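Trainee: Have a look at this one.
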């Protein structure tokens with residue numbers, strides 16, 4: 014008895030053999046592609062992490078510098094004068110001139126406002142970093158007691174203290190830095 018054979022032509026057999034053998038390299042390529050994709054995901058993640066760490070370091074350095082600026086300014090002997098607390102100064106006052114000089118020296122700030130412990134504006138610079146006059150007269154008489162930055166300061170936000178000068182002058186000096194970013 015003869016065994017049954019497939020009644021297919023040589024062309025069909027060759028096509029099936031070629032398709033079978035072509036699937037082997039194709040499956041190897043697909044496997045390699047998925048392995049490469051996983052490696053790339055990890056490498057890109059590490060690169061993004063490195064970039065994020067550099068950005069965080071720059072921001073931390075920037076904030077530390079700005080905090081130091083505010084602490085230096087808060088320790089100014091002119092600021093400690095008890096006659097300033099609770100009242101706004103005239104634009105020609107010596108403290109406003111110190112603020113103007115500070116803004117021009119650092120070149121980092123557009124507007125520096127000094128408020129007392131109740132949130133009342135005491136002084137504000139009236140010239141920008143290039144020495145051009147600013148119209149700040151309208152700011153005097155404002156109270157910042159209800160603003161988020163002032164409330165954060167009162168509730169223990171980021172600040173710097175000078176205990177030795179506070180004891181000497183019988184005033185509390187606290188600093189809060191909030192940067193205005195323009196997009």
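Residue numbers (our numbering): 14 to 196. Ideal placement from N, C-alpha and C gives every residue a C-beta, glycine not left out. Computed from a predicted model, the values in this text were never measured in an experiment.
1. Among the candidates 138, 121, 123, 130, whose CA atom is the shortest distance from the CA of residue 111?
2. Determine, using beta carbons only, whether residue 153 and residue 134 come nearer to each other than 7 Å.
3. Hey, residue 5 and residue 163 are a contact pair by Cβ (cut 8 Å); roughly how many whole angstroms apart?
4. So within the segment 81 to 155, which uninterrupted beta strand (DSSP E) runs reach at least 3 residues, ignoring any that extend past its ends?
5. Taking the alpha-carbon of residue 119 as reference, which of 50, 107, 83 has the nearest alpha-carbon?
6. Report the three-state DSSP secondary structure of residue 186 (helix, strand or coil).
7. Considering just the uninterrupted stretch of the alpha helix (DSSP H) at residue 11, what are its terminal residues?
8. Just to confirm my understanding: we take residue 157, look at its own chain, exclude 5 residues before and 5 after, and list those with CB closer than 6 Å. What are they?
Mentor: The short version:
1. If we check each option's Cα against that of residue 111, 138 comes out closest.
2. Cβ atoms of residue 153 and residue 134: closer than 7 Å.
3. Here the chain covers residues 14 to 196 and nothing more, so residue 5 does not appear.
4. For secondary structure counted as the beta strand (DSSP E) over 3 or more consecutive residues, the segment 81 to 155 holds these complete runs in sequence order: 126 to 128, 134 to 137.
5. By alpha-carbon distance to residue 119, the top candidate from 50, 107, 83 is 83.
6. Residue placement at residue 186 cannot be trusted, given a pLDDT of 47 that sits under 50; the coordinates are not used to answer.
7. No answer is possible for residue 11: the residues shown for the chain start at 14 and end at 196.
8. Counting only Cβ-Cβ distances below 6 Å, and skipping sequence neighbours, we find 128, 132, 163.
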